[in-house]
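Q: Sharing a structure below in C-alpha cells format, with a few things to ask.
Numbering (my numbering), first residue to last: 58 to 308.
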C-alpha cells in the first residue's frame, strides 16, 4: 500500500541519517577525510582526534570550552561503543595487522604531484581572481576546499558525473548497510543471551559483526573512489592557462 511505501521510504532516510552520524563519523575520526589522506595529509586516528579537540577553541571561553569538550568526548565514546561490533575488527586489521592502507590508500608517488599541483593551480587562479586568500597554514589543500572542487567538477565535467553519482550511491548504500548489520549484531546478541542460546548460536552475532566490518570497508572504498574521481575530473577539465572548460570560473 501507499502507507507502507511511505513508511519504508522514511525508514530508509532515518537509517541513512543515523549512519552518517555514526559510521561516517567514526570513519572520519579514525581515517580522516579521503580528500586529506589521499594527499598523505591529516592521517587521523581515534586517539589523535581526541587530542585535536583539546587544541580547538582553547583560547575562547574556558567554561564553554570544557562543556563542549566533555560533550564531544562523550558523544565519541557512545558512538564507538555502539559500533563495537565493527570497531573490534577494525582495530584488529588496521592496527595489529597494519592493513590501514587497504581502505585508506593515498595517491601513488607518480600520481600525487600531478594532482596536488593541479589542485593548487586551480585554487591559485581563484585567489588571483577573487582576491581571497584560500590558504590554510600556507597550503591550499589544508583548507576546506573539496566542496568547491566537487561543485566545479559537477558543472564542468559532465562525462564524469555518471561515475561520481554511482560512487555516491554505493558509499551511501554501504554506509547504511553497515549500520543495519551493527544493529542486527546487537539484536542477535541480546536474543542469544536472554534465551541462553549463545553457546549454540554464537556464530550468528560473530558473522553479522564480520559482515558489518566488510561493509564498512566497502563504504571507505567507495568514499575514497568518489574523492579520487572528483580530483581526476578536475585535472581533466581544468587548464592552468585559464582557458577552463565550461562556465566555472572562466573569465
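Every residue, glycine too, gets a C-beta built ideally from N, C-alpha and C.
For a test of the three-state rule: what should DSSP assign to residue 126, helix, strand or coil?
A: Residue 126 falls in the helix class under three-state DSSP.
Q: Just to confirm my understanding: we take residue 267, look at its own chain, exclude 5 residues before and 5 after, and list those with CB closer than 7 Å. What are they?
A: Only 146 meet the Cβ criterion.
Q: Secondary structure at residue 216, three-state DSSP: helix, strand or coil?
A: Of the three classes helix, strand and coil, the one that applies to residue 216 here is helix, per DSSP.
Q: Answer yes if the segment 271-279 comes into contact with the segment 76-95, meaning at least three C-beta pairs across the two stretches below 8 Å, and no otherwise.
A: Cβ pair count under 8 Å is three or more, so yes.
Q: Which class does residue 167 belong to by DSSP, given the choice of helix, strand or coil?
A: It is coil, neither helix nor strand.
Q: Please report how far the alpha carbon of residue 124 lies from the alpha carbon of residue 134, in whole angstroms.
A: Rounded to the nearest angstrom, the two C-alpha atoms are 15 Å apart.
Q: Can you tell me whether residue 142 is buried or exposed, with buried defined as 16 or more other CB within 10 angstroms of its CB?
A: Buried, since its Cβ has 16 or more Cβ neighbours within 10 Å.
Q: Looking only at its own chain, which residues have a Cβ that is under 6 Å from the Cβ of residue 310, when we skip the five neighbours before and after it?
A: Summary: the structure shown does not reach residue 310, with the chain confined to residues 58 through 308, and so no result is reported for it.
Q: Assuming residue 247 contacts residue 171 (C-beta within less than 8 Å), just tell me the rounded distance between them.
A: Not confirmed; about 52 Å, so no contact.
Q: To the nearest angstrom, how far is it from the Cα of residue 271 to the Cα of residue 184?
A: Looking at the two C-alpha atoms, the distance is approximately 42 Å.
Q: Figure out for me which residue from 59, 60, 289 has the closest Cα to the Cα of residue 175.
A: Looking at the Cα atoms, 289 is the closest of the given residues.
Q: For residue 283, count neighbouring Cβ atoms within 10 angstroms of its own Cβ and tell me buried if that reaches 16, exposed if not.
A: It counts as buried.
Q: Could you work out which residue in 285, 71, 219 is closest to residue 168 when comparing CA atoms only?
A: With distances taken between Cα atoms, residue 168 lies closest to 285.
Q: Assign residue 176 to one of three DSSP states: helix, strand, or coil.
A: Residue state, collapsed to three classes: helix.
Q: In whole angstroms, what separates the C-alpha of residue 249 from that of residue 236?
A: So the alpha carbons of these two residues sit roughly 20 Å apart.
Q: Please look up how many angstroms separate the CB atoms of residue 140 and residue 60, rounded, as I've assumed it's under 8 Å.
A: Contact flag wrong, Cβ pair sits at about 32 Å.
Q: Report the three-state DSSP secondary structure of residue 145 (helix, strand or coil).
A: It is helical.
Q: Roughly how many angstroms separate the alpha carbons of residue 262 and residue 256, rounded to a whole number?
A: Straight-line Cα distance between these residues: approximately 11 Å.
Q: If you run the structure through DSSP and keep just helix, strand and coil, what is residue 154?
A: Note: residue 154 maps to coil in three-state DSSP.
Q: Kindly indicate the opening and closing residues of the alpha helix (DSSP H) around residue 79.
A: Segment: none, residue 79 is in no alpha helix (DSSP H) and carries neither H nor E.
Q: Quick check: the Cα distance between residue 155 and residue 242, rounded to an integer number of angstroms?
A: Roughly 25 Å between the two C-alpha positions.
Q: For residue 94, which residues in the same chain have their Cβ closer than 7 Å to its Cβ, ignoring the five residues on either side in sequence?
A: Closer than 7 Å at the Cβ level, and outside the excluded window around residue 94, lie 88, 100, 161, 163.
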